[in-house]
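Take a look at the structure set out below.
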Amino acid sequence: MTIQLTHFSAAFVFALFASIVFGITHRETTRDMVRYGLYCFAMFLGGVLVAGWAMWLVRR
Amino acid sequence: MANSTPLKTKPAAEPAQPVSMMAVVAPAVGWLIPGAGHIIQKRWIRGALLLISIGTLFALGLMMQGHIYKANGGDILDILGFIGDLGAGGMYIVTLAMNGGQGAIAFAIADYGTKFMIVAGLLNFIAIADAYHIAIGKKS
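Structure representation (structure tokens):
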């Protein structure tokens, strides 16, 4: 079975699961885990979007 | 003449952590099955989330026809790729046994798949360290 993901959906899935693991392993309390996980997710996806637009600008 | 410099006092040594059976078993089990190191310490939800996250990432990497690295002594990136893949433990062993992860280099998504599997292994290393910290009482 094979799967075809777009660049963005691959980045989304990667960010989601990596953030869950980072949240669980890097913080002590449940509340902090959720907050840190959301922070990592936002940083991952934000980084992808910023890098994408930066490359678009460079290309023009 | 008296020495005017104050004597440096050694910081109190941290009390040695007793090495319990769990401190050995939890990382080993966590390596074989991601999240199992947490589950055997009754951290059910954390363990399940780790299992789902790492397992899905690895499975997606396989489905994207990523390449899995075998033990090698060649290029440094191949060696690092092997170390990353090795972190996935049981999933890596099963994939090798089933002759999976041959990698189709014809399209870019397969390269993403390769990275997905490496990252799954590296995330499992972090999960193993976390399970160890729970076992020795450093983390609740």
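Here the protein sequences come in this chain order: A and B.
Numbering-wise, the first sequence is residues 0 to 59 according to numbering that gives the first Met the number 0.
Numbering-wise, the second sequence is residues 0 to 139 according to numbering that gives the first Met the number 0.
For every residue, glycine included, the Cβ atom is placed at its ideal position computed from N, Cα and C.
Cβ neighbour criterion (16 or more within 10 Å) applied to residue i
| i | result |
| --- | --- |
| Trp30/B | buried |
| Thr24/A | buried |
| Thr113/B | buried |
| Tyr111/B | buried |
| Arg45/B | buried |
| Asp31/A | exposed |
| Phe115/B | buried |
| His37/B | buried |
| Gln64/B | buried |
Residues that residue i contacts on chain B, provided the C-beta gap is smaller than 8 Å
| i | result |
| --- | --- |
| Leu4/A | Leu59, Met63, Ile108, Tyr111 |
Contacts of residue i in chain A (Cβ-Cβ under 8 Å)
| i | result |
| --- | --- |
| Val118/B | Phe13, Ala17 |
| Thr94/B | Under the 8 Å cutoff, chain A gives no residues; its nearest Cβ is about 14 Å from Thr94/B. |
Beta-carbon neighbours of residue i, restricted to chain A and to distances below 7 Å
| i | result |
| --- | --- |
| Val125/B | In the sequence on display, residue 125/B carries Ile and not Val. Val20, Thr24, listed in chain order. |
| Leu48/B | Ile19, Ile23 |
Given residue i as reference, the closest of the options once Cα atoms are compared
| i | options | result |
| --- | --- | --- |
| Gln3/A | Gly89/B, Ile108/B, Ala103/B | Ile108/B |
| Leu37/A | Trp55/A, Val57/A, Arg59/A, Phe11/A | Phe11/A |
| Met0/A | Ala126/B, Gly100/B, Ile78/B | Gly100/B |
| Ala70/B | Leu59/B, Ile82/B, Leu61/B | Ile82/B |
Closer than 9 Å at the beta carbon, the chain A residues around residue i
| i | result |
| --- | --- |
| Asp84/B | Simply none; closest approach about 16 Å. |
### Task
Write down every uninterrupted run of the alpha helix (DSSP H) in the region 19–51 of chain B whose length is 4 residues or greater and which is fully enclosed by it, in chain order.
20–31, 35–38
### Query
Which runs of the alpha helix (DSSP H) fall wholly inside the region 84–133 of chain B and span at least 4 residues, in chain order?
89–96
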